[in-house]
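In my numbering, each residue's number is its place in the first sequence (first place is 1) plus 121.
The C-beta atom is built at its ideal place from N, Cα and C for all residues, glycine as well.
Note that the coordinates shown come from a computational prediction; the quantities given were computed from them, not determined experimentally.
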Amino acid sequence: MPELPEVETIVKGLKKVLKGKVINSLECYYPGTIIYDTDIEATPFPAKVLELCRRGKYIIITLETDNAIIIHLRMTGKLVFDVLPSEPLQYERARIILHNSEVLHFIDIRTFGKIIICKQQNEEQYLPILGIEPFSKNFNANHLKAILKGKEASIKTVLLNQSIIAGLGNIYTCEILYRAGINPLMPAGKLSHKEIVEIVQQTLAVLSEAISLGGTSISDYRNIDDKTGSFQDFLKVYQKQFCPLGHKIERIKQSGRSTFFCPICQKNKS
DNA sequence: CAATGATCCTGTCCGC
DNA sequence: TGCGGACAGGATCATT
């Protein structure tokens, strides 16, 4: 479900309610949702929250105790901040309980999401290799050109690959390629300099707009106040019948995922 | 190596 | 109304 703008929105919200607060306990209601690092002490709580950040689609919560909590929401996970009810809610897989009966519900219909608690020094082993952050200063045309060089996979597949660029998912890759006017089937290594410049610019534009609108809520995504984002109102191709110019949108499969694109506006062919 | 497919789950939607 | 199949913001692992 959530891609970079949604995770970024969630982290912003979490900072307001978690930073400096004390976590009293974690509760797990679905086996496997919470993963404990083998180096974690028997009673890691209470522990004060030092800092929160996003890396790709991962949420990382740094605790004062040299431990960290890593959260990945996968497809349907959401975090909802509330005051403590006693019974688990529907689809609530885990819960982070704070000091003054405040609670963060981890709600996840499809149960793919995970909460990991580990030693900060072990963080790396719980995170996959993640590529460049779109908002880092290295994310520019020359650098991207070097990354894409020689790649025969389609540009859509490459943009989705978290080990190459961290944070893009199916919605935003479709939207970026539409705005850049690039056919998603185009081999990544064959793009011109101008096309790569366009991808960089449109990636930053789309992600920034989406963040400023609180993300995209197609079905499950909500921020920590359980409110929807509004970027779905500005999608141009994802799950659309027609592009803004009235052309028929085509839907194909790439790496097992649906790609939506306009064959007229995104003309450069493989 | 890179590229595909199955898999982890539950819910929704569409066609028959 | 009911049922089967396809599909869903993701990522991993096995296979080819």
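Nearest-angstrom Cα separation, counted from residue j out to residue i
i: Lys136; j: Phe363; result: 39 Å
i: Glu244; j: Val132; result: 18 Å
i: Lys277; j: Gln360; result: 16 Å
i: Asp341; j: Ile191; result: 21 Å
i: Pro209; j: Tyr150; result: 8 Å
i: Leu225; j: Phe166; result: 15 Å
i: Ser351; j: Leu325; result: 18 Å
i: Asp187; j: Leu219; result: 18 Å
i: Gly141; j: Phe260; result: 32 Å
i: Lys178; j: Arg343; result: 15 Å
i: Ala262; j: Arg231; result: 37 Å
i: Ser275; j: Lys266; result: 14 Å
i: Glu356; j: Pro123; result: Per the sequence shown, the amino acid found at residue 356 is Leu instead of Glu. Whole-angstrom Cα-Cα distance: 15 Å.
i: Asn304; j: Lys240; result: 44 Å
i: Phe202; j: His314; result: 45 Å
i: Ala331; j: Ile155; result: 30 Å
i: Leu306; j: Ile217; result: 43 Å
i: Lys369; j: Arg175; result: 37 Å
i: Gly134; j: Glu319; result: 31 Å
i: Thr349; j: Met196; result: 16 Å
i: Ser338; j: Gln353; result: 6 Å
Exposure label - residue i; buried when at least 16 CB within 10 Å
i: Lys390; result: With a pLDDT of 49 at Lys390, under the threshold of 50, the modelled position of this residue cannot be trusted; read the value that follows with caution. Answer is exposed; the Cβ neighbour count stays below 16.
i: Lys388; result: exposed
i: Gln211; result: exposed
i: Asp347; result: exposed
i: Asp160; result: exposed
i: Asp229; result: buried
i: Thr164; result: exposed
i: Ala215; result: buried
i: Ile237; result: buried
i: Glu213; result: buried
i: Gln323; result: buried
i: Gly377; result: exposed
i: Lys270; result: exposed
i: Leu280; result: buried
Residue i: first and last residue of the uninterrupted alpha helix (DSSP H) it sits in
i: Val128; result: 125 to 139
i: Ile345; result: No alpha helix (DSSP H) contains Ile345, which DSSP labels as neither H nor E.
i: Ile292; result: 291 to 301
i: Ile268; result: 262 to 269
For residue i: DSSP bridge partner residues
i: Phe89; result: Because the chain in this structure spans residues 122 to 391, residue 89 falls outside the shown range and cannot be described.
i: Cys383; result: Its beta-bridge partners do not exist; DSSP assigns none.
i: Val318; result: Looking at the DSSP assignment, Val318 forms no beta bridge with any residue, so it has no partner.
i: Pro308; result: Ser275
i: Lys149; result: First, the amino acid is wrong: residue 149 is Cys here, not Lys. Beta-bridge pairing links Cys149 to Ala215.
i: Arg363; result: For the sequence presented, residue 363 should be read as Phe rather than Arg. For Phe363, which the question treats as bridged, DSSP gives the partners Lys369.
i: Lys374; result: Ser379
Integer Cβ distance of residue i from residue j, believed to fall under 8 Å
i: Val358; j: Tyr299; result: 4 Å
i: Leu334; j: Leu125; result: Wrong, their Cβ atoms sit about 13 Å apart, outside the cutoff.
i: Lys272; j: Gly234; result: Actually they do not touch by this definition, with Cβ atoms about 30 Å apart.
i: Glu254; j: Ala301; result: Contact doesn't hold; Cβ gap of about 19 Å is too wide.
i: Ile144; j: Val128; result: Between Val128 and Ile144 the Cβ distance is about 20 Å, and since that is not below 8 Å, they are no contact.
i: Ala189; j: Ile181; result: 6 Å
Run of the beta strand (DSSP E) containing residue i, from where it starts to where it stops
i: His193; result: 188 to 193
i: Leu171; result: 168 to 176
i: Lys240; result: 235 to 240
i: Gln246; result: Careful: Gln246 lies outside any beta strand (DSSP E), inside the alpha helix (DSSP H) at 244 to 247.
i: Ile180; result: 179 to 184
i: Ile156; result: 155 to 157
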